[in-house]
Structure formats: structure tokens, C-alpha cells
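K.L.:
When the letters of the first sequence are read in order and numbered with this note's numbering, they come out as residues 92 to 544.
A virtual CB, placed ideally from N, CA and C, is assigned to each residue, including glycine.
Once you've had a glance at the structure underneath, I'll fire off some questions.
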Amino acid sequence: MQVELYDTLSRQKKPLEPQDNTVRIYHCGMTVQSRPHVGHLRGYIVMDALRRFLRFKGYEIKLVQNITDIDDKVIEKSAAEGIDWRMLAERNTDELLRVTDALNIERPTVMPRATQHIEEIIDLVSKIIEKGHAYESKGDVYFDVRSYSKYGKLSGKNIDELESGARIEPSENKRDPLDFALWKAAKQGEPYWYSPWGKGRPGWHIECSAMSAHYLGSEFDLHAGGEDLVFPHHENEIAQYEAATGNGFAKAWMHVEMLNLRGEKMSKSTGHLVVASDVIEAYDPNVLRMFTLRVHYRAQTEYTIEGMDEARSAWERITTFLAAAQQVLGEPALATEYPKLDAVLSDDFNTPKAMGLVFDLVHQGNEALASGDKDKLAEATVKLNLALQILGFKPRREEGVQDVKTLLDLLVRFRSELRAAKAFEWADKLREMIQEAGLIMEDTKEGTRIRFR
RNA sequence: GGCGGCAUAGCCAAGUGGUAAGGCGGCGGUCUGCAAAACCGCUAUUCCUCGGUUCAAGUCCGGGUGCCGCCUCCA
């Protein structure tokens, strides 16, 4: 099945057609001015699942995800804290990696930092100036928006309408208020790099054009990021790269919609957000993945405790089944194909439909379990395992529970004997105590079993 | 003001013009010493509203109403 994704630029679904077997993807990462929040995580989880799916489809994936470790806010916030800007950037980068690792999100193939690509950035800025699409002004360099006729093609904006929007940052250095900085002169005490225009630092959008070009070349397959980046960030990336080289930039654009909080978008500047670290402390990593993938990536959705609790219940339905199936079938096996899943994910990565299939399998498996049909059980289980793997779920059984298994078996035997002796009071007492430790004991026809919550 | 998106059960959420997936929750039943899990049944004659196209509309078109995003740093 041919994979198609909705492309923001052409405003339609577009087949993914890499030139060779490698899919080249640039995913806009964080500006590490502050701690990662759950809104960031939505995009990372979607990309992680997409990447696993494409790998399942037989592609190699080269995923470049930047860390923008220098910008105005990084400087401001580190100054406010009285620490070196590098320390702030590294601290937030570390936290991001800690959180994404915990969420079973694979690290990108390359995770380039803006400050490690100053040379490429300067080259690109120089080229834009040479082509007449940028100008220097008192140590700053600005992109000349009016010189580039295709400006606005991604976001569908019109320069003159933007102009009348009135909320544009004025600057005496700019020729036109819409022009944006490619390079910013360093003020006293600010970090700087040497450039043909004096001491300074890159503007916000240029690092992504430079790094994507450096690692992926022109016309790479997919450029992804949050919906809020469409304008101006991605619009500017296109303008910079295409104005400098005359080559096409990304072939397709994928934008993940916002995760809102109380009806509004999460935002670093207003503090209207939920910190990522808090969420992974409170919930199993699979729960956030469930919460994320049950909604299509192009639909806005709301972060709520109720939603997370609901996702937890849903996830428990899966793990409960897996534990029961394992008791009958032994160690889990994987199907090699699952055409229905392939079809729904190939159609603009419809993960909510995929979750529907997952729960259908759980239901079929439970039916088989109830009727004692071992073949049917195995069929559902192997497909389910494949689906979970493709979507990036990681049931806990893979985490070395083996070490305590003997001990658990002992407890199960103990309860069985108490029940056989009709010492129900003690049997229940044991179950309660076990539950306090976060484990659930259940009596079934096949005997008592124990599972993690 | 300009551009874009969305309105589907108590809640979350899919839905290619052909007769409303799935999850959570709730109710009834089966099983059980009790519980949990699971299974069986029920839980939207209808998809914000008004009009239109069509043999047929949640799906297409137009007018309302409401909500969200972007136009400023943002995933």
C-alpha cells in the first residue's frame, strides 16, 4: 500500500515517493529556552510512530531533528537566572532526551544543534545576499520579503494583508516591517560568533534551512513540525533556502495540530502548559502514547486528566489481555503482516482507525480466550503484537519482569492454597496487600494469576 | 480586519455520497466464595442550524451560529 500524507503546501494528500529506499525527514525540534511540555510530546510521539511504520514498510529513515540552542529567549532566560546560556540550553536538552527516552521515542538519526552549524548558516546567509534577497543593516542581516515573489505560498498569506495586520515588530534597521532577521548583531554582553557582518548570532529561522540542507540536501521527502510553525517559521525556511539556491526545499509538509489546555494552545511564554516530566511521572509512558494516537494528528485536541485516565483504562484493557494470552500461549510472537493496519496508516496516518483495529483484536482475543479457541487466540495475539510494535507501544512485560517472576509465582501458589483451604479471609488479605504494591491478583478458571496495573 | 480548521452518544473519537468504527463511562445478565477480568445484551432512527444538489448527504454546495488556530516567540 502506497503511503500518503496530507501535504500542507499542496493542500492535499500526496504519496510519499522517496528517490531511493531512504525517506529523508526533517522534524522541527525545540528551541531549548524552557522545559519541554506535553504539547511538544504530541509531535514527537506521532513522528516516532510514523517512523516505525515506515520502517515496517521497508524504508530506511533518515530523521534529522534540530535543537535550536541559541536565540533571544535563551539569552534572556539564562541572564535572568544568572547562568551561562549554554547551561540553560543543555539542561533543557537533557530533559527533553530524558523524557523522550522514557516514552520509548527513538532518538533521531541526527540531532544537530544550531550553534554547531554556524558556518553553514553564514554560508547560506551569504548566498541569499549574493542573490539579492537579503541586505545588511548595521550588523544585522534581513531577508527582503518583497524580493521573493513566492513568499506566502505555504501559509497562504498575502504580503499586503500581512502588512495591514498591524502587529508586526517595527525596527529601524529593516526596509520593510515584514523582513525577518537572518543574522543579528550582538549587543554588549551577548554571545556571538564572527561573521562577514561582524559579531553576532543567527536569526531564528535560518538554522533549520541550513541544517536541513546540510544533512538532507534539496527536495528531501518530508518536513514536519507543529501547526504553529507554518507561519512564519516554515514559510521563512522555504524562502531562505529557495532564494539562496534556486532549488526546491522540502517535497512535502506535515503539520501536527496543537494540544490545547483548557481550550487554549499551550504556550511557553504565558506558562499555560503542563510540563512533560510531570506527566511521565504520573502515567505509564504507553498511556500518553495511547492518549496521543487515539486522535488524528491533524485534529486539535485537549489535554485533560480525564482524557489521560481514560487512556490509561484503555491501555489496561490491552495489557490485561496480553497477560492472559501469554498465560495460554507462552512468549509472544509477531505477525509479519497486517494489511488492514497497513491500509489505515497508509491513508494519511490514521492512528485512531488503527486503534480501532487494535481493540477489535483485543476483543477477538478475549472471545477466543473465553471459548478456549487457541488458534484464534494466537492469530489475534500475533497481529496485536505487530500493531503495538508499529505504533511504538511497549508493554511492560519486556522490562525484565523475569527477575521477580519466581517470587510472584510463589505468591500465586500461596493464595491458591489459602483458597483451597477455604481460608478466604486470609486469601483476600493477601490480595489486598498485593494490590497495595501495585499488582492485581485475579482468580480465573485456569487458576489465580497476577498482573501489573 | 485577513487566512485556515472544527462542530458526530454522558465524555473522547473515526467516518472514501449508499444507510453511524473504536475507546471510556453507565445499565442488565453470565461466570465467581467474594472481587477483578472477560463474555453476552442494551446505551446516536441520527451527525450544531437553516436551505440546496442528488434516487441517496454526517459526507457535496450556500447562508447562519458557536469554538479553536495562525497573522507576535511558540511543537
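For TYR226, does the three-state DSSP call read helix, strand or coil?
P.N.:
Numbered from its first residue, the first sequence carries residue 226 at position 135. It is a strand residue.
K.L.:
Could you give the distance in angstroms between the alpha-carbon of SER303 and the alpha-carbon of ILE212?
P.N.:
Looking up residue 303 in the first sequence gives position 212. Looking up residue 212 in the first sequence gives position 121. The alpha-carbon atoms of SER303 and ILE212 are separated by roughly 11 Å.
K.L.:
Terminal residues of the continuous beta strand (DSSP E) containing THR539?
P.N.:
By one-based count along the first sequence, residue 539 stands at place 448. Element bounds for THR539: 538-543.
K.L.:
Between the Cα of ALA341 and those of GLY538, ASN112, CYS119, spot the shortest distance and give me the residue it belongs to.
P.N.:
In the first sequence, counting from the first residue as 1, residue 341 sits at position 250. Selected option, being the one with the closest Cα: CYS119.
K.L.:
Please classify ARG102 as buried or exposed, where buried requires at least 16 neighbouring CB atoms within 10 angstroms.
P.N.:
Indexing the first sequence from 1 puts residue 102 at position 11. Its Cβ having fewer than 16 others within 10 Å, ARG102 is exposed.
K.L.:
Helix, strand or coil for PHE234 per DSSP?
P.N.:
In the first sequence, counting from the first residue as 1, residue 234 sits at position 143. PHE234 falls in the strand class under three-state DSSP.
K.L.:
For PRO293, list the residues DSSP reports as bridge partners.
P.N.:
Locating residue 293 in the first sequence gives position 202, where the first residue counts as 1. Paired residues: TRP274.
K.L.:
Would you say the segment 279-292 touches the segment 98-116, given that touching needs at least three Cβ pairs under 8 Å?
P.N.:
no
K.L.:
Considering only residues of the segment 278-344, which uninterrupted beta strand (DSSP E) runs meet the minimum length of 3 residues and lie entirely inside it, listed in chain order?
P.N.:
291-293, 313-317
K.L.:
Tell me the rounded alpha-carbon separation between LEU307 and GLU333.
P.N.:
Here residue 307 refers to the residue found at position 216 when the first sequence is read from its first residue. Here residue 333 refers to the residue found at position 242 when the first sequence is read from its first residue. So the two alpha carbons sit approximately 14 Å from each other.
K.L.:
If we require 4 or more residues per run, which alpha helix (DSSP H) segments fall completely within the segment 466-516?
P.N.:
Within the segment 466-516, the runs of alpha helix (DSSP H) that reach at least 4 residues and sit entirely inside it are, in chain order, 493-511.
K.L.:
State the start and end residues of the unbroken beta strand (DSSP E) segment that holds MET532.
P.N.:
To locate residue 532, count along the first sequence from 1; it is residue 441. Residues 530-535.
K.L.:
Between ALA335 and LYS222, which are expected to be in contact by the criterion C-beta below 8 Å, what is the C-beta distance as a whole number of angstroms?
P.N.:
The count along the first sequence starts at 1 and reaches residue 335 at position 244. The count along the first sequence starts at 1 and reaches residue 222 at position 131. Here ALA335 really is in contact with LYS222; their C-beta atoms are around 6 Å apart, less than 8 Å.
K.L.:
Between ALA415 and LEU452, is the Cβ-Cβ spacing less than 8 Å?
P.N.:
Numbered from 1 along the first sequence, position 324 holds the residue referred to as residue 415. Numbered from 1 along the first sequence, position 361 holds the residue referred to as residue 452. Their beta carbons are not under 8 Å apart, which means ALA415 does not touch LEU452 by this criterion.
K.L.:
Go through its chain and collect everything with a Cβ distance to ASN264's Cβ below 6 Å, but skip five positions before and after it.
P.N.:
Taking the first sequence and counting its residues from 1, one reaches residue 264 at position 173. A distance below 6 Å between beta-carbons, with the five flanking residues on each side excluded, links ASN264 to the following residues of its chain, in chain order: SER228, LYS229, ASP231.
K.L.:
What are the start and end residues of the alpha helix (DSSP H) that includes ASP192?
P.N.:
Mapped onto the first sequence, residue 192 falls at position 101. Looking at the DSSP string, the run of the alpha helix (DSSP H) that includes ASP192 is 176-193.
K.L.:
Going by beta carbon distance, what residues of the same chain come within less than 8 Å of ILE531, once the five residues before and after it are set aside?
P.N.:
Here residue 531 corresponds to residue number 440 of the first sequence, with the count starting at 1. So the qualifying residues of the chain are ILE525, ILE541, ARG542, PHE543, ARG544.
K.L.:
Which partner residues does GLU393 have in the DSSP bridge list?
P.N.:
On the first sequence, residue 393 is found 302 positions in, with the first residue counted as 1. In the DSSP assignment, the residues bridged to GLU393 are ASN351.
K.L.:
Please classify GLU489 as buried or exposed, where buried requires at least 16 other C-beta atoms within 10 Å of its C-beta.
P.N.:
Residue numbering aside, residue 489 sits at position 398 when the first sequence is read from its first letter. Note that GLU489 scores 46 on pLDDT, short of 50, meaning its location in the model is unreliable; the coordinates nonetheless yield the value given after this. By the neighbour-count criterion, in which 16 or more other beta carbons inside 10 Å mark a residue as buried, GLU489 falls on the exposed side.
K.L.:
Pick helix, strand or coil for LYS520, following the three-state DSSP scheme.
P.N.:
For the purposes of this step, residue 520 is taken as residue 429 along the first sequence, with counting starting at 1. LYS520 falls in the helix class under three-state DSSP.
K.L.:
At a cut of 8 Å, does the segment 235-251 reach the segment 164-175 through at least three beta carbon pairs?
P.N.:
no
K.L.:
What is the rounded straight-line gap between the Cα of ARG504 and the Cα of TRP517?
P.N.:
Numbered from 1 along the first sequence, position 413 holds the residue referred to as residue 504. Numbered from 1 along the first sequence, position 426 holds the residue referred to as residue 517. Going from the Cα of ARG504 to the Cα of TRP517 covers about 13 Å.
K.L.:
Are at least three pairs of beta-carbons, each pair with one atom in the segment 419-427 and one in the segment 370-386, less than 8 Å apart?
P.N.:
no
K.L.:
Do the segment 132-145 and the segment 180-197 make contact, defined as three or more Cβ pairs closer than 8 Å?
P.N.:
yes
K.L.:
Going by DSSP, what residues sit across from ASP438 in a beta bridge?
P.N.:
Translated into positions along the first sequence, residue 438 becomes position 347. GLU95.
K.L.:
Between the beta-carbon of PHE440 and the beta-carbon of TYR388, is there less than 8 Å?
P.N.:
Here residue 440 refers to the residue found at position 349 when the first sequence is read from its first residue. Here residue 388 refers to the residue found at position 297 when the first sequence is read from its first residue. Yes, they are a contact pair.
K.L.:
Round the Cβ separation of ASP160 and THR200 to the nearest angstrom and send it over; I've been treating them as touching at under 8 Å.
P.N.:
Sequence index remark: in the first sequence, residue 160 carries index 69 (1-based). Sequence index remark: in the first sequence, residue 200 carries index 109 (1-based). Distance from ASP160 to THR200 at the Cβ level is roughly 19 Å; contact not present, criterion being Cβ atoms closer than 8 Å.
K.L.:
Work out the CA separation of LYS536 and MET345 for me, nearest whole Å.
P.N.:
Reading the first sequence from its first residue, position 254 is the one you call residue 345. Reading the first sequence from its first residue, position 445 is the one you call residue 536. C-alpha separation (whole angstroms): 50 Å.
K.L.:
Could you check how far apart the C-beta atoms of ALA277 and ASP312 are, in whole angstroms? I think they sit under 8 Å.
P.N.:
One-based indexing of the first sequence puts residue 277 at position 186. One-based indexing of the first sequence puts residue 312 at position 221. Not really, about 37 Å apart at Cβ, beyond 8 Å.
K.L.:
Is ILE250 near ARG237, with beta carbons less than 8 Å apart?
P.N.:
Within the first sequence, residue 250 is the residue found at index 159, counting from 1. Within the first sequence, residue 237 is the residue found at index 146, counting from 1. In this structure, ARG237 lies closer than 8 Å to ILE250 by Cβ.
K.L.:
Go through its chain and collect everything with a Cβ distance to GLY316's Cβ below 6 Å, but skip five positions before and after it.
P.N.:
Within the first sequence, numbered from 1, the residue matching residue 316 stands at position 225. Answer for GLY316: CYS119, listed in chain order.
K.L.:
Quick one: residues in its chain with C-beta nearer than 7 Å to the C-beta of ILE196, no 5 flanking neighbours on either side, listed in chain order?
P.N.:
What you label residue 196 is simply residue 105 of the first sequence in a count that begins at 1. TYR135, ILE136, ASP139, listed in sequence order.
K.L.:
Would you call the CB atoms of LEU364 and SER358 closer than 8 Å?
P.N.:
Numbered from 1 along the first sequence, position 273 holds the residue referred to as residue 364. Numbered from 1 along the first sequence, position 267 holds the residue referred to as residue 358. Yes, they are a contact pair.
K.L.:
Look up HIS363 in the DSSP assignment and give the residues it is bridged to.
P.N.:
The residue you call residue 363 lines up with position 272 of the first sequence. Answer is SER358, bridged to HIS363.
K.L.:
Using a Cβ-Cβ cutoff of less than 6 Å, which residues in the same chain neighbour MET92 once the five nearest sequence positions on both sides are dropped?
P.N.:
Numbered from its first residue, the first sequence carries residue 92 at position 1. Closer than 6 Å at Cβ, skipping near neighbours: ASP433, ALA434, SER437.
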